[in-house]
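Residue numbering for the sequence shown follows the working numbering, beginning at 23 and increasing consecutively.
Beta carbons are placed, not taken as given, at the ideal position from N, Cα and C, and that holds for glycine.
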Amino acid sequence: GEMDLKAGYSKSTEMITVKAAVGYWDNPKCYKLPTLLATITLYDGKNGYPVCIMDGSLITGYRTGAAGGVSAKVLARKTSEVVGVIGAGNQARMQVSALKEVLPIRTVKVWSPIGEDMLKYKQDIELMLDIEVILCDKPKEAVKSSDIIVTATSSKNFIVQDEWISPGTHIIAIGADMEGKQELDSKIFSHAKIVVDNIQQCVHRGETQNPIREGIITEKDLHGEIGEILLGTKLGRENNEEIT
23 GEMDLKAGYS KSTEMITVKA AVGYWDNPKC YKLPTLLATI TLYDGKNGYP
73 VCIMDGSLIT GYRTGAAGGV SAKVLARKTS EVVGVIGAGN QARMQVSALK
123 EVLPIRTVKV WSPIGEDMLK YKQDIELMLD IEVILCDKPK EAVKSSDIIV
173 TATSSKNFIV QDEWISPGTH IIAIGADMEG KQELDSKIFS HAKIVVDNIQ
223 QCVHRGETQN PIREGIITEK DLHGEIGEIL LGTKLGRENN EEIT
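As structure tokens, then:
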């Protein structure tokens with residue numbers, strides 16, 4: 023497992039926040055616990071008094087899900103209805119929840135190597151969002167013909183193959199948050215508009231680390247950051263054939 027500590031200070035409110043996040047990949051199998059767990063503590067910046075202790079897993083889940091939703095709002099086709107999901111954990115739920123807020127999502131196709139997770143995912147999503155969930159036997163079935171693809175796994179070898187991707191698809195790849203992880207075939211990046219949250223970080227971490235390391239793309243091939251598109255300094259989706 024691993025533990026990450028992150029801290030921030032808000033000058034305007036004089037508050038300090040510390041987030042402790044842990045990742046234990048065997049948790050679901052060995053202990054029936056989530057892979058990722060986190061706690062966020064809020065301190066009074068004037069005296070250091072702990073004001074609040076919060077469930078960091080829930081907050082992180084909403085924040086990461088919202089990032090995917092924002093990307094889809096400016097980069098996915100406005101008519102997107104079908105989402106292909108790789109993985110059936112917490113983020114697979116949060117991403118679809120956010121997508122439902124910004125697009126007319128009607129169907130989710132999900133694949134996970136753990137069949138029990140898929141069954142629970144189907145129950146949760148259909149109850150929570152009132153949309154159809156189709157269970158897939160292979161990842162290709164979830165990806166093919168989907169308007170949006172979400173990858174939310176801890177895989178170290180790519181799952182989604184280049185030839186499965188249709189023109190116009192928007193891909194939200196969030197699982198490769200560390201060096202050595204990979205969910206997408208690196209060849210996908212050679213013909214996609216690549217938008218990241220932070221370029222400096224994503225050349226070393228995130229899904230873009232792999233095609234850069236393999237020489238398929240360079241940092242100059244990154245179209246820009248999502249913030250630049252939101253501010254209007256960079257273009258988002260320009261046509262219905264772009265893979266983003």
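Minimum length 4: unbroken alpha helix (DSSP H) runs contained in the stretch 164-241: The stretch 164-241 contains these whole alpha helix (DSSP H) runs: 221-224 and 231-235.
Complete runs of the alpha helix (DSSP H) confined to the stretch 72-143 [at least 4 residues]: Here the runs fully enclosed are 78-97 and 112-124.
Distance between beta carbons of G90 and A43, contact taken as under 8 Å: Contact doesn't hold; Cβ gap of about 18 Å is too wide.
Buried or exposed (CB count within 10 angstroms, at least 16 for buried), R115: In this structure R115 is buried. Its beta-carbon is surrounded by 16 or more other beta-carbon atoms within 10 angstroms.
According to DSSP, residues forming a beta bridge with L59: Looking at the DSSP output, L59 shares a beta bridge with V44.
Neighbourhood of I181 by C-beta distance below 6 Å, restricted to the same chain and skipping five residues each side: In its chain, beyond the 5 residues on either side, I108, P161 and E205 have a beta carbon closer than 6 Å to the beta carbon of I181.
Same chain, Cβ closer than 8 Å to K178, neighbours up to 5 away in sequence not counted: Hits under 8 Å: G202, K203 and Q204.
Sequence-distant residues of the same chain with beta carbon closer than 6 Å to T129, five excluded per side: By the criterion of a C-beta distance shorter than 6 Å, T129 is surrounded in its chain by V104 and E154, once the five residues flanking it on both sides are discounted.
contact_flag[the stretch 93-100, the stretch 41-60] where n(CB pairs < 8 Å) is 3 or more: With a cut-off of 8 Å, the stretch 41-60 and the stretch 93-100 do not count as touching, because too few Cβ pairs lie within range.
Nonlocal neighbours in the same chain, by C-beta distance under 8 Å from K68, ignoring five residues either side: Here the set comprises E36.
Beta carbon of A198 nearer than 9 Å to that of G246: No; because the gap between Cβ atoms is not below 9 Å, this pair is not in contact.
Local conformation of E24 per DSSP, three classes: In the structure shown, E24 adopts extended strand secondary structure according to DSSP, grouped into three states.
Coil, strand or helix - L157 by DSSP: Strand at L157.
Enclosing alpha helix (DSSP H) for I265 [first to last residue]: Per DSSP, I265 lies in no alpha helix (DSSP H) segment and is marked neither H nor E.
Same chain only: Cβ atoms within 6 Å of E236, ignoring 5 sequence neighbours per side: Cβ contact annotation for E236 (same chain, cutoff 6 Å, sequence separation greater than five): S208, in chain order.
Alpha helix (DSSP H) segment containing E250, residue limits: In the DSSP annotation of this structure, the continuous segment of the alpha helix (DSSP H) that includes E250 starts and ends at I248 to L253.
Reduced DSSP category for L64 - H, G, I as helix; E, B as strand; rest coil: The three-state secondary structure of L64, taken from DSSP, is strand.
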